[in-house]
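In UniProt numbering, the protein residues as written are 64 to 531.
Glycine included, C-beta positions come from ideal geometry on N, C-alpha and C.
Nothing here was measured: the structure is a model prediction, and the numbers come from that model.
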Amino acid sequence: GRKWVAVRLLDTGMKGQTVLVRGRVHTVRGTGKMAFLVVREAGCTVQCVLSVAENIVSKGMVKYVNKISKESIVDVEGIVSVPEKPIEGTSQKVEIQARKVYCISKAAAQLPLNLEDAARSERDFEKAEKDPQQGVQFVRVGQDTRLNNRVLDLRTPANQAIFRIQSQVSTLFRQFLLAEDFVELHTPKLLAGASEGGSSVFKLDYKGQPACLAQSPQLHKQMGICADFGRVFEIGPVFRAENSFTHRHLCEFTGLDFEMEIKEHYFEVLDVLEAVFVAIFDGINEKCVKHLEAINAQYPFEPLQYLRKTLRLTFAEGVKLLKEAGIIVDPMADFNTETERELGRIVKEKFKTDFYVLHRYPAAIRPFYTMPCWDDSRYSNSFDVFIRGEEIISGAQRVHDPELLTKRAIECGIEVNTLSTYIDSFRWGAVPHGGAGVGLERVVMLFCALNNIRKTSLFPRDPQRLAP
Ligand code: ATP
Ligand code: AMO
């Protein structure tokens, strides 16, 4: 019978048709005789016009619609029409000449943030400040107000787009790996000990036993390899009791992890990883055009530049590039955030890419499970991957010899007793293997050049935030 249409699907081809749409009251303005109701659904907007002329709707109906509070849910029945020029501030090219409006759920009259303000770009604010004659008063919505009222904040077009892109990233990751013969596993998140070093672990009581929240699926994804799954991956929560309050650290994030048998060289892991990411970037650019536009409208950014064949530099080459630019760093110590960014700028300039791999890190700055290089044990078969000079991925070949693994754990000051079942899995024969861990929120943040990881975390957890 009745034709329900999603707001985003309304187009000029439906001219003259009677449709039903459900959405939120984005804005409503009117006179005694007319009401202009902008209905929003999933970040897309359409104008619905109510007019008493020619007895299309009653005066009472216009009055009623003018009073519906913003963000209420309404059903609108009407005829699709095509205005001469697109209605400013709406995303769809059509209008609806409304016949009936039903309010399905009323929103509170006072909202903690104004959705129109929350969707404005920095450019809008600058324009309004330069041009006070216009008399428009925009209110900047601060990060805490947004995060405290995240459900409302998430309704903006840019936020809708961010999380739809995030969903694409994990979908593309999963699809690519499944096609490459990987198996999706789910590893435990309650563990007896730390997997990435003790300082950033959440401790808890497990029925009287000391326990931790998993800092990564590291140990169990490797045990999946020892259990003969050959190639495994997981998409799941990762917990880190980070102390630092930075733009790129969360206390809970989503890890995209994989682990695989290595036949000859850790470059086999990089081959898979780089192919996955080219597929992810291509996939977003192809499938998320509208979402990228919505993000750009609020947070303008340069599109990500990446090569068909990803650039691989050794850590030592990175040190050399920095030196040539006059930046002297300790060749055996990790780069700090500023140096990483600087190297990102140098690489972009020289190789025309925002996405690259740095490998063969000094062994001393990698986790205990990392395989040292066979030709020089001061270095390791490890890598980090960067977007715009910031780390999104860490990975390596792993030590699969139980004696060496025990020795490395002790040297790194890890409590070996909590690792005994992990180390034991290598005593029953273990194939050489390696893998990587990706931070999903960082991928989306850096793909879109956003300035804070809280923008790409649905309900962020940081050292000061445990709600909503
Ligand atoms: P990984 O755990 O793989 O290293 P990460 O991106 O979380 O991933 P960190 O180990 O936290 O990296 O830090 C990497 C580099 O960033 C370090 O060398 C450190 O110098 C720098 N860094 C970390 N935290 C901060 C901070 N709060 N402020 C400034 N720099 C930081
Ligand atoms: P690492 O500790 O580097 O490696 O973590 C892997 C990736 O996870 C992301 N990440 C974070 N994202 C948000 N907030 C944080 N606090 C945070 N910490 C890390 C980053 C990082 O590159 N077991 C190894 C991976 C492996 O070798 O397979 C590991 O956990 O994007």
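Nonlocal neighbours in the same chain, by C-beta distance under 6 Å from residue i, ignoring five residues either side
| i | result |
| --- | --- |
| L503 | T317 and L319 |
| Y485 | L282 |
| A172 | S132 |
| L374 | F414, T416 and Y419 |
Residue i CB to nearest heavy atom of the ligand AMO below 8 Å
| i | result |
| --- | --- |
| G299 | no |
| C314 | yes |
| P430 | yes |
| E331 | no |
| E259 | yes |
| Q527 | no |
| G152 | no |
| I225 | no |
| residue 50 | Residue 50 is absent from the model: the chain starts at 64 and stops at 531. |
| I325 | no |
| D268 | no |
| A512 | no |
| S121 | no |
| E305 | yes |
| G502 | yes |
| A472 | no |
| R451 | no |
| D393 | no |
| A459 | yes |
| R423 | no |
| I343 | no |
| D447 | yes |
| T281 | Checking the displayed sequence, the identity of residue 281 turns out to be Gln instead of Thr. Q281 Cβ: within cutoff of the ligand AMO. |
| E349 | no |
| A242 | no |
| G287 | no |
| E454 | yes |
| E247 | no |
Nearest neighbour of residue i, chosen from the options [CA to CA]
| i | options | result |
| --- | --- | --- |
| P273 | Q238, N177 and E478 | E478 |
| I390 | E380, Q368, T402 and D397 | T402 |
| V68 | E147, L253 and V139 | V139 |
| E117 | L73, F431, M97 and V339 | M97 |
| K350 | F188, R524, T519 and Q229 | Q229 |
| G476 | K252, P430, T377 and D487 | P430 |
| V382 | S121, V301, Y424 and A290 | Y424 |
| E247 | P531, L406 and G287 | G287 |
| Q206 | E192, Q223 and A181 | A181 |
| S483 | E327, E365, L73 and E466 | E466 |
| A427 | T416, C436 and M395 | M395 |
| L178 | T234, V101 and W437 | V101 |
| V214 | D194, L176 and K190 | L176 |
| G141 | V202, R65 and F201 | R65 |
| S307 | C107, V448, R528 and D187 | R528 |
| I225 | V335, T208, H354 and L267 | H354 |
| R441 | A379, L174, T469 and G260 | A379 |
| A472 | D487, T94, D393 and Y432 | Y432 |
| F99 | G152, Q80 and G79 | G152 |
Close beta carbons around residue i, own chain, < 8 Å, minus the five adjacent residues each side
| i | result |
| --- | --- |
| G497 | E322, M323, I325, Y329, E331, V332, M434, N444, G458, A459, Q460 and R461 |
| F344 | L367, Y369, F418 and F510 |
| R294 | L240, E243, D244, F245, V246, F321, E322, M323 and E324 |
| E405 | L385, A388, I390 and G452 |
| V202 | N177 and D180 |
| I119 | L113, Q160 and R162 |
Residues near residue i by beta carbon distance below 7 Å, same chain, minus five either side
| i | result |
| --- | --- |
| T75 | V145, K156 and V157 |
| S263 | Q278, R303, A304 and E305 |
| I131 | V88, V91, V137 and C166 |
| N514 | H310 |
| R524 | L313, C314 and E315 |
| T377 | H422 and R423 |
**Prompt:** For the 8 Å Cβ check, are there 3 or more pairs between the region 237 to 250 and the region 212 to 224?
**Reply:** no
**Validate contact between the region 448 to 456 and the region 404 to 417 using beta carbons, cut 8 Å, 3 pairs** = yes
**Request:** Would you check if there are 3 or more beta carbon pairs closer than 8 Å linking the region 163 to 180 to the region 116 to 136?
**Result:** yes
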